[in-house]
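If you read the sequence shown in our numbering, its first letter stands for residue 101, the second for the next number, and so on.
Cβ coordinates follow ideal geometry from the N, Cα and C atoms, glycine included.
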Amino acid sequence: SEFNRLSFVLLGVSTPRDLSQDKSEAGNTPFNIGTAIDLTGFTVTEAMPLAGGLGGICDKPAAVLEEVLNWTGGQPFLTQKVCKLLVENGEFIANPAEDVEGVVRARIIENWEAQDVPEHLKTIRDRILRKDERIVRRLGLYREILEKGNIAADNSSEEIELRLSGLVVKRDEKLRVANSIYAEVFNNKLVASELEKIPPYAEAIELWLNSQCQDKSALLRGENLEEALAWATGKSLRNLDFQFLTASQKLAFDGTKLETETARQETLQEKRKAKRWISIGTAILASSLTLATAFSLVAYQSFKIAQSSREIEQTGTDALLLAMFKNAENERALLEALPQGISAGKQLQELVNNETPLAEYPATRPLLALQTILDKLEQQPQFKNALLQQRIITLSGHQEAVTSVDFSPDGQLLASGGVGDRVIIWSTSGDKILEWRANQNSINSIMFAPDSNYLITSGSDGTIKFWSLSGEQILEKSLDSTHSISLSSDGKFLASATINNPVRLWNLSTIPLGISPGLVVGETGLVRKVSFSPDGNFLATLDGKSKIKLWNLLEGESKILDVEAISMSFSSGEKQVLATATSNGEVQLWNVPKAKLIEEFQTLYLDTKLVRFSPDGEIIATVGIDGIVRLWNLAGRQLAQFEFEENVVSISFSPDGKFLAVAGSNGKVWLRRVESLDELLTESCLFFQQLPNYDNRGKMLCENGNGELGMGNWELF
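Rendered as structure tokens:
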């Protein structure tokens, strides 16, 4: 009878305690008697069958496998992935320690978010960075483990969460990072950056939300409010953060008004008693008014007030607009937000013209607000027909992650390639024109020739292939584990970077198409990315240690930039500027000939993994780990932000800068319109004209021809 029973096994990341949270119902769930079974990684003996697959690339498969386990800690998925990458790399492994490390760093650790296919590391990241009330304690505990190597286990909730994520393991009652790959990816720098993002009011807002936003005692006051506003300056906040800070500011302002009125009444009473108190009463009133003014200034600190009076008025207006819109969650709120956006946009329009560079715009929040509002309206089915232009087109054709997209120089076509080894040619209206298999395992990068007559693809098998636009292979070159390629603007040179070999320039001939060896640039070592400057006189290389070198190809000299970057992009035209992005969210602009920093700004509070210049050099696009593409002017003011449903792997501007192609890890490509201030205002006004019930406020703003804003009695608050 002992075996006359039914048993269940649940495989996943949970514990019996998590599955029986309701103690009053404990008798109604089998999980109150469940037993947790810890899963451990492969030992050398258990993993030994994998050594059989390594025999073709080394003399000592067991030694290579041991080095693999030193990196993976026996984690099954990572162990098999590293073995697969070693075989795909195809290089003979003479020195197991060095060669395995080279592949692990190049194919997993460096630029890990783009290479995390299928997703593994991102899943761990999402679990440990989950925004809840325990995130500070969870990250603090993990940082302690990183710094000390191991600490005593205590079975706290934060410890269990870290263990369930797979990031941390318990051995001999000690907590330690599960393996060296995790320690390299989720390092101290990442933890410090994430902790810095957590608002100083985290506990207060949690209390406020738990009270259904009714508990005024949880709102911020005095120095706490000032600290919160200072922290929020320049950051992209959640709707809830905006609501909380706005409620705190309103409470502070209401309190100030009450104090002012009380002081005024006391002063009047004193006046009636005796004239000799007039001076004292006046002083009290003046003090109160000063206090009120101070609170007004504090309320504006979160909106980055500019130094000039014109910028103070404009930036304050559009920042308040955006704050109001962030609270919008329904149709009515959107319709109330749009007239404010038009108002702010028209005020900005009066200060600039078509010749004004975006970097000289005194404010940019009107552009961001209008774009965001219109995007939200497009998501509302009842408003979709009122928008005359489709703002985003989804291109579906790839079954796996898309790793690279590129527009043809003539602006007529878009090419995409990815993990599924498929090349697809699209029209800029979103129609699929042609598709073929590249036979390169997977495609790392894809690019058009300068004359738009052929395509170049580089694959994970180490080959570079040249294709006609009809899908016919014209030429193939094997370059041994090519990591990155770049084509000069005149189409005469191709630069290639590999894992173990120096960067090389290749000479390209056109009639017939051919390729021959050229200069060798730099020393042997991992180079993740190469890029020609627009004039072809400089070559930028980004190595495995995040260092960027600028090579002057005319003089044969190189300079190292003082930055640890994860992405880079040249500006076109005569400006000779290189943009770099760092893992802490900073963007730097460099003078290329002098290799000197000329500008830098912070891209809000999110890590940045990609940076790209627009063709005219006026806009910088960045991609954060949140999958949001943000557009900036050269002064670091945000112009727009585009949210996508999946991780963004690659982006490319159309030659006219009117579209942005975005490649996703889900196999989709998006074509996103990039609109100017005039276009946003025009589209907003046309939207009101298309509404069945024409909005009077929109009508006054859009049809008033004398340059004055017809706001009537409608106020901003």
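Reduced DSSP category for V182 - H, G, I as helix; E, B as strand; rest coil:
Residue state for V182 is assigned as helix, using DSSP reduced to three classes.
Are the segment 583-596 and the segment 618-636 touching by the rule of at least three beta carbon pairs closer than 8 Å?
Under the 8 Å Cβ criterion, the segment 583-596 counts as touching the segment 618-636, having at least three qualifying pairs.
Could you give the distance in angstroms between the alpha-carbon of R772 and the alpha-carbon of E743?
Each residue's Cα considered, the two are about 10 Å apart.
Taking the runs of the beta strand (DSSP E) that are 3 residues or longer, which of them lie wholly in the segment 696-779?
Positions of the beta strand (DSSP E) runs, each at least 3 residues long and wholly inside the segment 696-779, are given as 696-702, 708-713, 720-724, 728-732, 738-743, 748-753, 759-764, 768-773 in order along the chain.
Whole angstroms is fine: what's the gap from I525's alpha carbon to R491's?
Straight-line spacing of the CA atoms in I525 and R491 works out to 21 Å.
Element boundaries [alpha helix (DSSP H), containing P466]:
Segment 465-478, the alpha helix (DSSP H) holding P466.
What alpha helix (DSSP H) runs, 4 residues minimum, are completely inside the segment 211-248?
The DSSP assignment places complete alpha helix (DSSP H) segments of no fewer than 4 residues inside the segment 211-248 at 212-215, 221-228, 235-248, in order along the chain.
Are V291 and R243 touching if we call contact CB-CB under 8 Å?
Contact: yes.
Tell me the DSSP bridge mates of Y554?
BP columns for Y554 point to S568.
The segment 714-734 / the segment 682-699 touching (three or more Cβ pairs under 8 Å)
Contact between the segment 714-734 and the segment 682-699 is established, with three or more Cβ pairs separated by less than 8 Å.
If contact is defined by three or more beta carbon pairs under 8 Å, each pair taking one atom from either stretch, is the segment 556-576 in contact with the segment 523-541?
At 8 Å Cβ cutoff, the stretches touch.
Among L345, V204, P617, which has the Cα closest to the Cα of K184?
Of L345, V204, P617, the residue nearest in Cα terms is V204.
Please return the same chain residues whose Cβ sits closer than 7 Å to the Cβ of I209, not counting the five positions on each side in sequence.
Closer than 7 Å at the Cβ level, and outside the excluded window around I209, lie I281, E284, V285.
Distance, E167 Cα to V277 Cα:
Approximately 17 Å, taken between the alpha carbons.
Where does P218 land, buried or exposed, given buried means 16+ other C-beta within 10 angstroms?
With fewer than 16 other Cβ atoms within 10 Å, it is exposed.
From the DSSP output, read off the bridge partner residues of R507.
The question names Arg, but residue 507 in the sequence shown is Phe. Per DSSP, L514.
From A332 to P300, what does the alpha carbon distance come to, in whole angstroms?
Rounded to the nearest angstrom, the two C-alpha atoms are 10 Å apart.
Is there contact here, the segment 754-762 with the segment 502-519, by at least three beta-carbon pairs under 8 Å?
Contact between the segment 754-762 and the segment 502-519 is present, because at least three Cβ pairs lie under 8 Å.
Would you kindly work out how many angstroms separate the C-alpha atoms of V677 and D216, rounded to a whole number?
Linking V677 to D216 through their CA atoms gives a straight-line distance of about 30 Å.
Please report how far the alpha carbon of Q480 lies from the alpha carbon of Q471, in whole angstroms.
About 15 Å.
What would DSSP say about A136, mapped onto helix, strand or coil?
Note: A136 maps to coil in three-state DSSP.
Is L650 closer than 8 Å to A665 when the C-beta atoms are compared?
In this structure, A665 keeps its C-beta atom at 8 Å or more from the C-beta atom of L650.
Tell me which same chain residues have a C-beta within less than 6 Å of the C-beta of L605, skipping the five on either side of it?
When the five nearest sequence neighbours on each side are left out, the beta carbons in the same chain lying within less than 6 Å of the beta carbon of L605 are those of F593, A595, G618, L619, in order along the chain.
What does the Cβ neighbour count give for K446, buried or exposed, with the cut at 16 atoms within 10 Å?
Sixteen is the threshold: when 16 or more other Cβ atoms of the shown chains lie within 10 Å of the Cβ of K446, as they do, the residue is buried.
Spatial neighbours of L246 within its chain, please: C-beta separation below 6 Å, excluding the five flanking residues on both sides.
Sequence-distant partners of L246 (beyond 5 residues in either direction) whose C-beta falls short of 6 Å from its own C-beta, in its chain, are N288.
Residues that DSSP places opposite P439 in a beta bridge
According to DSSP, which records beta bridges pairwise, P439 is partnered with nothing at all.
Counting only the same chain and skipping the five closest in sequence on each side, list residues whose C-beta sits under 8 Å from that of G591.
These residues qualify, in order along the chain: A549, P550, D551, L608, T610.
Rounded to whole angstroms, what is the Cα-Cα separation between L569 and F142?
Going from the Cα of L569 to the Cα of F142 covers about 48 Å.
Just to confirm, are K222 and A252 a CB contact at a threshold of 8 Å?
Going by C-beta atoms, K222 is not nearer than 8 Å to A252.
Among all the DSSP beta bridges, which residues are the ones paired with T641?
Its beta-bridge partners are V630, K649.
Looking only at its own chain, which residues have a Cβ that is under 6 Å from the Cβ of I546, when we skip the five neighbours before and after it?
Same-chain partners within the cutoff: S504, D506, A515, G517, T557.
In the DSSP assignment, find the beta strand (DSSP E) that holds G614 and state where it starts and stops.
Counting along the chain, the unbroken beta strand (DSSP E) around G614 starts and ends at 614-621.
Would you say the segment 190-197 touches the segment 224-235, given that touching needs at least three Cβ pairs under 8 Å?
No, the segment 190-197 is not in contact with the segment 224-235.
Report the rounded CA-to-CA distance for G810 versus G767, giving the unit in angstroms.
For G810, the predicted structure reports a pLDDT of 36, less than 50, and the residue's modelled location is therefore unreliable. A value from the coordinates is still provided. If you take the alpha carbons of G810 and G767, they lie about 47 Å apart.
Quick check on the DSSP output: what are the complete alpha helix (DSSP H) runs of length 4 or more inside the segment 142-190, in order along the chain?
Runs found: 144-147, 161-172, 176-189.
Under 8 Å between C-beta atoms of R321 and A302:
Result no, Cβ atoms of R321 and A302 do not sit closer than 8 Å.
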